[in-house]
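What follows is a set of notes on a single structure, which appears directly below.
Pasting the structure below:
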């Protein structure tokens, strides 16, 4: 890959213009571009970081959550995920969410990578994990706002659901694609 | 797949609490959950919809853009993408962006699907396209804030870049995975 020099932007001022703690913080920045131009209103949006889990049983079924999600405005299936609590590391959050939302645990966790929601605004980071040989250990705690139905789908069933538009989020589709296609992203290449 | 009844949330009130037109609108909603609980401060974030293109040459190289992006805070590679202008359809935006940002055109476009950035907040929709047998037709117009270096990578080179963390956005990784793995998402199953 070529390595033409590309310089970062310089932040001249940054002012928080909206907050809904602990979920959302929007800042307006005054930026100097490398060519000298000044941009007075470039925004950055800070949302909570979250962990997302591709959790599979010993016979290869993948755990999905069927639920109404308000950002989608309809009932869909999604992979289990949750925001990191203050000071919590991503793997601990993944383990906690899989247990709280679904009632499952695993002794075989791998980290697949960390991804950003928006190249323009930020909008939070996703840490992606696989959990293999999952086992039911308790009932879901039911503490989320959403009522969740747990399903165990074969990879073929989940692919069909994606094709039908039933798993429509970038985070869940990225996670499923990477977990099931190790030639794109072999597990354990990075540390969490 | 089971079909337990899962009810949508009911929006009792919605008030716009932040705007930076035409880019960002945040609303605060009062929600009634299906179990009767009232949530007074659930937020929705409207960001611009965008089109993203997996553009490949006749010999299978994929066009990527190397650039500094402020939401990432560093130089990375990303697939070409851009926001839809007011009233513009997604395919028209994809064609315009590929020409403006990279100087390339194609006669072989396919729609791969539409995805949402956030199941909680919304945060905009991505329409994903492939453009095959691309050809250079002009110079990039250089109108973006970012200075862009165009690279044509083999799929193996792009996979290696993803593994090294050099293409870290959910949108670009989703697009690459779906475009190169038709068993997950065969082209042209949906209409744009």
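Protein chains in written order, with the numbering used here: chain Y, 1 to 192; chain B, 193 to 384. We put the CB at the ideal spot given by N, CA and C, even for glycine.
When the options are compared against residue i, the one with the closest alpha-carbon
i, options, result
"residue 110 of chain Y", "Y:39, Y:41, Y:178 and Y:27", "Y:178"
"residue 37 of chain Y", "Y:28, Y:12 and Y:27", "Y:12"
"residue 91 of chain Y", "Y:102, Y:15, Y:113 and Y:153", "Y:113"
"residue 351 of chain B", "B:368, B:210 and B:206", "B:368"
"residue 277 of chain B", "B:215, B:337 and B:364", "B:215"
"residue 142 of chain Y", "Y:102, Y:75, Y:163 and Y:117", "Y:102"
"residue 363 of chain B", "B:213, B:266 and B:310", "B:310"
"residue 330 of chain B", "B:221, B:249, B:270 and B:292", "B:292"
"residue 21 of chain Y", "B:213, B:220 and B:211", "B:220"
"residue 299 of chain B", "B:262, B:328 and B:258", "B:328"
"residue 4 of chain Y", "B:211, B:374 and B:258", "B:258"
"residue 357 of chain B", "B:374, B:266 and B:249", "B:266"
"residue 59 of chain Y", "Y:153, Y:162, Y:146 and Y:163", "Y:153"
"residue 126 of chain Y", "Y:79, Y:57 and Y:19", "Y:79"
"residue 128 of chain Y", "Y:161, Y:162, Y:89 and Y:70", "Y:89"
"residue 354 of chain B", "Y:25, Y:15, Y:182 and Y:70", "Y:182"
Nearest-angstrom Cβ-Cβ length linking residue i and residue j, presumed shorter than 8 Å
i, j, result
"residue 39 of chain Y", "residue 10 of chain Y", "About 11 Å; that fails the 8 Å criterion."
"residue 7 of chain Y", "residue 234 of chain B", "No, residue 7 of chain Y and residue 234 of chain B are not in contact; Cβ-Cβ is about 40 Å, not under 8 Å."
"residue 273 of chain B", "residue 323 of chain B", "With a Cβ gap of about 12 Å, residue 273 of chain B and residue 323 of chain B do not count as contacting."
"residue 256 of chain B", "residue 343 of chain B", "5 Å"
"residue 372 of chain B", "residue 307 of chain B", "16 Å between Cβ atoms; not a contact."
"residue 332 of chain B", "residue 340 of chain B", "6 Å"
"residue 134 of chain Y", "residue 105 of chain Y", "7 Å"
"residue 76 of chain Y", "residue 168 of chain Y", "6 Å"
"residue 225 of chain B", "residue 72 of chain Y", "At roughly 16 Å, the Cβ-Cβ gap does not stay under 8 Å, so residue 225 of chain B and residue 72 of chain Y are not in contact."
Chain Y contact residues for residue i, given Cβ-Cβ distances below 9 Å
i, result
"residue 199 of chain B", "68, 75 and 147"
"residue 329 of chain B", "Residues of chain Y passing the Cβ test: none, with the nearest at roughly 22 Å."
"residue 304 of chain B", "In chain order: nothing, as chain Y lies at least about 10 Å away."
"residue 270 of chain B", "119"
Interface residues of chain Y facing residue i [CB-CB closer than 8 Å]
i, result
"residue 263 of chain B", "44, 116, 118, 119, 120, 121, 122 and 123"
"residue 225 of chain B", "145"
"residue 196 of chain B", "66 and 149"
Residue i Cβ short of 7 Å to the ligand NAP heavy atom set
i, result
"residue 109 of chain Y", "By its list of ligands, the structure shown contains no ligand whatsoever, and the ligand NAP lies outside what it can speak to."
Partners in chain B for residue i, counting only beta-carbon separations shorter than 8 Å
i, result
"residue 203 of chain Y", "Nothing about residue 203 of chain Y can be reported from this structure: the residues present for chain Y run from 1 to 192 only."
"residue 178 of chain Y", "365 and 369"
"residue 15 of chain Y", "In chain order: nothing, as chain B lies at least about 12 Å away."
"residue 18 of chain Y", "209, 210 and 218"
"residue 23 of chain Y", "235"
Interface partners of residue i on chain Y, CB under 7 Å
i, result
"residue 231 of chain B", "145"
Checklist entry - Would the region 307 to 327 of chain B and the region 235 to 243 of chain B be scored as touching if the rule is three or more Cβ pairs under 8 Å? => result A contact exists between the region 307 to 327 of chain B and the region 235 to 243 of chain B.
Next on the checklist: Closer than 8 Å is the cut-off here; do at least three beta carbon pairs connect the region 276 to 295 of chain B with the region 241 to 257 of chain B?
Outcome noted: Three or more Cβ pairs closer than 8 Å define a contact, and the region 276 to 295 of chain B meets that threshold against the region 241 to 257 of chain B.
Item to check | Entirely enclosed alpha helix (DSSP H) segments - the region 81 to 148 of chain Y, minimum 4 residues | outcome: Runs found: 90 to 97.
Item to check | Segments assigned beta strand (DSSP E), at least 3 residues, entirely inside the region 4 to 40 of chain Y | outcome: Runs of the beta strand (DSSP E) inside the region 4 to 40 of chain Y: 10 to 20 and 24 to 32.
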